[in-house]
Structures are given as C-alpha cells and as structure tokens.
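Counting in numbering that gives the first Met the number 0, the sequence shown runs from 0 upward without gaps. Structure, as structure tokens:
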Amino acid sequence: MRQIISSDFRLGILGGGQLGKMLCQAASAWDITTCVLDPDPEASASGVASRFTRGSFRDYETVMAFAKDVDLLTVEIEGVNIEAIEELEKSGLPVFPQYNCLRIIRDKGLQKMLYRDHGLPTADFKLFENDDQIRNALNEGVLRMPFVQKTRLSGYDGQGVLVVRTNNDLPKLFAAPSLVEDFVEDALEIAVIVSRNIHGEVSCYPAVEMVFNPKANLVESLLSPARIADHLADEAARLAKATAEALGIVGLLAVEFFIDKNGCLLINESAPRPHNSGHHTIESAITSQYEQHLRAIFGYHPGSTQLTSPAVMVNILGSEGSIGPVVYKGLNEVLGMEGVKLHIYGKRQTRPYRKMGHATILAATVEEALEKAGRVLKTLKAEA
Ligand code: ADP
Numbered sequence: 000m001r002q003i004i005s006s007d008f009r010l011g012i013l014g015g016g017q018l019g020k021m022l023c024q025a026a027s028a029w030d031i032t033t034c035v036l037d038p039d040p041e042a043s044a045s046g047v048a049s050r051f052t053r054g055s056f057r058d059y060e061t062v063m064a065f066a067k068d069v070d071l072l073t074v075e076i077e078g079v080n081i082e083a084i085e086e087l088e089k090s091g092l093p094v095f096p097q098y099n100c101l102r103i104i105r106d107k108g109l110q111k112m113l114y115r116d117h118g119l120p121t122a123d124f125k126l127f128e129n130d131d132q133i134r135n136a137l138n139e140g141v142l143r144m145p146f147v148q149k150t151r152l153s154g155y156d157g158q159g160v161l162v163v164r165t166n167n168d169l170p171k172l173f174a175a176p177s178l179v180e181d182f183v184e185d186a187l188e189i190a191v192i193v194s195r196n197i198h199g200e201v202s203c204y205p206a207v208e209m210v211f212n213p214k215a216n217l218v219e220s221l222l223s224p225a226r227i228a229d230h231l232a233d234e235a236a237r238l239a240k241a242t243a244e245a246l247g248i249v250g251l252l253a254v255e256f257f258i259d260k261n262g263c264l265l266i267n268e269s270a271p272r273p274h275n276s277g278h279h280t281i282e283s284a285i286t287s288q289y290e291q292h293l294r295a296i297f298g299y300h301p302g303s304t305q306l307t308s309p310a311v312m313v314n315i316l317g318s319e320g321s322i323g324p325v326v327y328k329g330l331n332e333v334l335g336m337e338g339v340k341l342h343i344y345g346k347r348q349t350r351p352y353r354k355m356g357h358a359t360i361l362a363a364t365v366e367e368a369l370e371k372a373g374r375v376l377k378t379l380k381a382e383a
C-alpha cells in the first residue's frame with residue numbers, strides 16, 4: 000500500500016456521526032486525509048473531516064460514487080449498503096471491516112450462528128421467520144417465557160429488542176424475521192474492545208462495565224476497568240480475541256457480554272467499529288480506540304492498551320421533554336470539576352435521549368469517578 004501519512008492518500012469513512020468525528024480527529028493527528036459520507040449536512044464529523052460528502056451510506060450508487068475518490072474505506076456504522084461494500088471489495092479497494100464481517104454482524108441471526116459454530120458462549124436461541132411462528136412455538140411448548148426477541152436486521156440502541164415476560168407482551172412481537180433467545184436474569188453487562196490488523200495481530204482493552212438508563216435503554220455510564228474478578232476479565236479478553244479471529248475482522252470489534260447469576264460469560268453482540276464503550280480510551284489509555292482502529296486498518300502494530308487512569312464515561316443525553324436548537328446548561332460548573340473531560344458532538348438539535356456528547360471522568364478510583372459522574376449528569380443539561 001502507498002504511503003498513508005502526509006500524502007494524498009484518502010481514508011473514506013461511511014457515516015459522519017460522533018464516532019466518525021472522533022475517528023477523523025485521530026486521523027488528523029497523523030496527518031491523514033479523511034473523506035466522510037453522511038446524509039446530514041450538519042453531521043458531527045462534517046466540521047472535522049478533510050472532505051465531507053452529503054449523501055446516504057445506505058444507497059448503493061451513492062456509496063459507489065463516493066468510493067471512487069478514496070484509497071481505503073472504513074465505517075463508523077454497520078448499517079451501510081452491503082452490496083456496494085461487496086462490489087468494492089471485489090474491485091480491489093481495501094475495505095475494513097471486510098464485507099463478510101459486515102454481512103454477518105448486521106444480521107443478528109448470522110452473528111449468533113457464528114458464536115455457536117465457533118463454540119463461543121452465547122444465550123441459547125432459535126430463529127423465526129415471523130411472529131406467528133413464535134406464537135406457534137409457544138403453543139407447542141417448544142418456547143418458554145421469559146425470552147428476548149430481536150429482529151435480525153437493523154436493530155440499534157435497543158430498537159428491535161423486545162423482552163417477553165407474559166402473555167401481555169405478545170401483541171408487541173415484531174413481525175419481521177427475528178431470533179428469540181433466553182432472557183439472562185440479573186445480568187451484569189461488560190464490553191471488550193479488540194483490534195485485529197491485516198497481519199492478524201490482535202490486542203484488546205481491559206473490560207468495561209456498562210450501566211443502563213432503564214427509561215431510554217441506552218448505556219448511561221461506563222466504568223473502566225469493570226469491577227469484576229480478574230479471571231472473568233481475562234476470560235472476556237480471550238473470548239473477544241477469539242471472536243475477532245472467528246470473524247477474521249480487520250479493524251476494531253467491540254464485543255458485549257452478559258455475566259449471568261452463575262458468573263458465566265455469554266456474548267451478547269459485537270460491533271465492527273469504534274464503540275461507545277471505548278470513548279474513555281481517548282483520555283484514560285495509552286492508545287485511544289480511534290487510533291487503534293487506524294493502526295489496524297493500515298496494518299500497523301497495535302498500540303498499548305494499558306489504562307493510565309480509572310475512568311467513568313457518561314453520555315450527555317438530550318433532556319426529557321426538550322426538542323429544538325440545543326443549549327448546554329451547567330457547562331462551567333462541570334468544567335470546574337477536576338478530571339472531567341467533555342466531548343460535545345456538535346448536533347445542533349436536541350431531542351429526548353439523543354446522544355449529544357459525553358464526559359469522561361478521571362479519578363484515582365472508579366468509585367470516585369462514579370460519584371463525580373453522578374454530579375456531572377445532574378449539572379450538565381442539553382436543553383432546547
Ligand atoms: P442493540 O443492538 O440494540 O444494542 P442488544 O442486543 O444489545 O441490542 O440489546 C439491548 C439491551 O437489551 C442489552 O444491552 C440488554 O440490556 C438487553 N438484553 C438484550 N438481550 C438480552 C437477554 N438475552 N437477556 C437479558 N437482557 C437482554
């Protein structure tokens with residue numbers, strides 16, 4: 000491959016959200032030219048990309064036209080036009096993550112089959128074509144409540160996920176092809192980000208612990224490192240690496256796990272890109288996840304994933320009942336707290352629970368950072 004840094008080499012990124020923005024920022028530190036495609040002219044990455052193209056990354060022709068002017072293509076979102084990705088890869092353009100990884104991961108059914116086929120632990124599941132098949136399975140006694148239904152395609156941030164506990168939940172079943180899996184009771188959720196480069200070198204970050212906002216079903220805070228036993232952290236790292244190897248992915252893979260009541264790890268799902276659960280690495284690890292993704296897709300050695308500080312990351316979500324041009328309240332108070340690092344994504348419009356930014360709080364211990372994170376969330380408001 001040609002010289003990438005300080006050259007006319009162009010890195011194409013499908014998607015211009017906050018992950019795209021932070022990827023462009025990391026690329027800029029290495030003097031790499033970034034070209035971003037996103038339908039929203041005010042997308043977070045629009046102000047930091049070297050070149051921004053307005054258009055849909057879900058549209059075949061648009062992706063094909065965009066890719067004519069790039070030397071390597073990556074993604075910050077998995078819902079991209081997969082046919083275009085396949086075609087571009089066949090034409091010889093380096094595309095990382097590869098077509099086959101995106102094809103498997105975007106379909107939760109294929110993802111679960113990959114885990115099962117490679118002996119990677121995951122909650123037991125069955126595949127269904129529609130909701131009637133699920134009702135029949137219940138009537139025949141081959142399926143029992145509680146269970147979780149997930150549509151195979153286009154689930155994102157808890158959409159397309161339904162927990163079915165009683166008959167009252169049945170009218171809510173999705174009609175689309177889906178998987179149904181065992182409900183993991185009282186699960187702790189953790190995530191491990193692993194990178195794999197073109198030469199097969201893998202490296203992973205210590206596990207992080209995810210805490211959810213029950214109303215929005217979004218990750219509210221994320222603790223690094225996770226407060227789990229060493230043997231579980233080691234096992235999660237081993238499984239995350241094995242998943243990256245099973246996929247043969249080049250780039251980052253964020254692997255989310257449940258730890259069940261018996262202390263067993265189960266893979267929930269994976270994302271083939273920089274991830275919410277790795278934001279803290281910008282300030283609290285030697286190498287940020289964004290730099291690590293660049294290293295992987297360019298075939299460089301992975302950077303050190305060692306943590307430099309305990310950290311808690313909180314999403315700054317749009318306030319409830321507030322829609323319109325955003326105003327940040329409490330900014331100065333929050334910036335006055337020691338160890339608080341703010342990232343504002345640059346979305347001009349706020350709406351309830353929209354991810355407007357995040358704060359990473361560094362402290363001597365995770366507990367101390369968590370206490371401060373609570374104050375950040377109470378103080379900083381994204382309102383219209
Ligand atoms: P998404 O792709 O939208 O992130 P997930 O499959 O991660 O969807 O599910 C969203 C959330 O729903 C999970 O983070 C978890 O809190 C809950 N969930 C999903 N599957 C299960 C399960 N099998 N048992 C218990 N909770 C689950």
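Heads up, the beta-carbon is just placed ideally off N, CA and C, and yes, glycines get one too.
Membership of residue 229 in any beta strand (DSSP E) is not indicated; the residue belongs instead to the alpha helix (DSSP H) covering 229–246.
Note that the stretch 70–88 does not touch the stretch 225–245; fewer than 3 beta-carbon pairs, one per stretch, sit closer than 8 Å.
In this structure the stretch 195–210 does not lie against the stretch 149–168, because fewer than three pairs of beta carbons, one per stretch, are closer than 8 Å. The criterion of a C-beta distance shorter than 9 Å is satisfied by residue 126 and residue 108.
Bounds of the alpha helix (DSSP H) holding residue 108 are 107–116.
Around the beta carbon of residue 380, 16 or more other beta carbons sit within 10 angstroms, so the residue counts as buried. When the five nearest sequence neighbours on each side are left out, the beta carbons in the same chain lying within less than 7 Å of the beta carbon of residue 303 are those of 285 and 286, in order along the chain. The count of Cβ pairs closer than 8 Å, one atom from the stretch 310–323 and one from the stretch 341–360, reaches three, so the stretches are in contact. When distances are taken from the beta-carbon of residue 159 to the heavy atoms of the ligand ADP, the shortest one is below 8 Å.
Distances taken from the Cβ of residue 106 to the heavy atoms of the ligand ADP include none shorter than 8 Å. For the pair of segments examined, the stretch 343–350 was found not to touch the stretch 289–306: the number of CB pairs separated by less than 8 Å stays below three. Residue 184 is positioned such that its CB atom lies no closer than 9 Å to that of residue 149. DSSP places residue 299 in the coil class of the three-state scheme, outside both helix and strand. For residue 283, the closest alpha carbon among the candidates 362, 273 and 350 is that of 362. Taken in chain order, the complete alpha helix (DSSP H) segments of 4 residues or longer contained in the stretch 68–93 are 81–89. Contact annotation, residue 279 with residue 221: C-beta distance approximately 7 Å; criterion of less than 8 Å satisfied.
Note on residue 11: 16 or more other CB atoms within 10 angstroms of its CB, so buried under the neighbour-count rule. By a beta-carbon distance limit of 8 Å, residue 19 does not contact residue 55. Their separation comes to about 14 Å.
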